[in-house]
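Put into structure tokens, the structure is as follows:
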């Protein structure tokens with residue numbers, strides 16, 4: 001994937017090791033959303049990925065790591081991993097691990113551009129489907145992904161045992 005920009009100056013590009021500080025900040029925003037929404041499952045962290053883990057991720061040819069930026073300002077990111085389901089029909093998929101747009105830049109089309117860029121990259125790598133998991137508490141994300149044509153694949157139910 002080359003760099004793609006639109007007239008407003010937003011650029012979608014592949015992440016590099018140098019993007020770690022900005023990516024770490026955004027990934028921690030996403031993690032905090034999960035900590036707040038499901039404190040019974042998520043615990044506060046200092047970093048979601050160490051620098052070395054991040055470096056391995058962005059250098060892995062099976063990863064799609066995209067960043068949206070306007071000049072020096074990082075607006076958002078999308079991280080997806082290319083997989084094949086074993087034990088099921090071996091259909092190549094791209095699994096979105098993380099998608100986040102910084103709060104001040106939400107509702108401006110950045111997430112949709114990141115999503116479509118990730119979809120195009122996944123298609124170029126032979127993926128036939130884009131999968132992701134979204135928590136039930138995050139109705140904004142559910143509505144957003146459905147607006148992009150995603151449909152429910154399965155439900156995971158839970159019941160606390162007290």
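Residue numbers (full-length UniProt numbering): 1 to 162.
Note that beta-carbon positions come from the ideal geometry of N, C-alpha and C, so glycine has one too.
CA nearest to the CA of residue i, picked from the options
| i | options | result |
| --- | --- | --- |
| residue 129 | 9, 151, 111 | 151 |
| residue 53 | 120, 10, 16 | 16 |
| residue 149 | 132, 55, 155, 160 | 132 |
| residue 126 | 21, 30, 91 | 91 |
| residue 107 | 144, 98, 81, 47 | 144 |
| residue 163 | 14, 13, 22, 12 | This structure cannot settle anything about residue 163, because the visible part of the chain is limited to 1 through 162. |
| residue 68 | 114, 59, 155, 25 | 114 |
| residue 20 | 12, 77, 124, 84 | 77 |
For residue i, the first and last residue of its enclosing beta strand (DSSP E)
| i | result |
| --- | --- |
| residue 40 | Segment: none, residue 40 is in no beta strand (DSSP E) and carries neither H nor E. |
| residue 165 | Only positions 1 to 162 of the chain appear in the structure, and residue 165 is not among them; the question remains open. |
| residue 154 | Element bounds for residue 154: n/a, residue is neither H nor E. |
| residue 131 | 129-132 |
| residue 12 | 10-14 |
Alpha-carbon spacing of residue i relative to residue j, whole angstroms
| i | j | result |
| --- | --- | --- |
| residue 147 | residue 44 | 31 Å |
| residue 116 | residue 162 | 43 Å |
| residue 88 | residue 139 | 29 Å |
| residue 105 | residue 120 | 22 Å |
| residue 34 | residue 79 | 17 Å |
| residue 96 | residue 64 | 9 Å |
| residue 136 | residue 51 | 30 Å |
| residue 11 | residue 40 | 37 Å |
| residue 154 | residue 93 | 16 Å |
| residue 13 | residue 160 | 43 Å |
| residue 112 | residue 72 | 20 Å |
| residue 84 | residue 59 | 19 Å |
| residue 26 | residue 157 | 29 Å |
| residue 122 | residue 66 | 12 Å |
| residue 110 | residue 99 | 11 Å |
Other residues of its chain near residue i: CB distance less than 8 Å, five sequence neighbours each side excluded
| i | result |
| --- | --- |
| residue 28 | 45, 47, 48 |
| residue 42 | 31, 34, 35 |
| residue 134 | 141, 142, 145 |
| residue 37 | 135, 137, 138 |
| residue 24 | 47, 48, 49, 54 |
Cut-off 6 Å between Cβ atoms - residues of its own chain near residue i, not counting five sequence neighbours on either side
| i | result |
| --- | --- |
| residue 180 | Here the chain has residues from 1 to 162 only, and residue 180 is not among them. |
| residue 7 | Note that residue 7 has pLDDT 48, beneath the 50 cutoff, so the model's placement of it is unreliable and no number is given. |
Own chain partners of residue i with C-beta closer than 7 Å, once the 5 adjacent residues on each side are dropped
| i | result |
| --- | --- |
| residue 62 | 81, 82 |
Any C-beta of chain D under 9 Å from that of residue i
| i | result |
| --- | --- |
| residue 114 | The question asks about chain D, but that chain is absent: this structure has only one protein chain. |
Boundaries (first-last residue) of the alpha helix (DSSP H) holding residue i
| i | result |
| --- | --- |
| residue 142 | 139-147 |
Exercise. Can you list the alpha helix (DSSP H) stretches of 4 or more residues lying completely in the region 43-95, in chain order?
Worked result: 51-59
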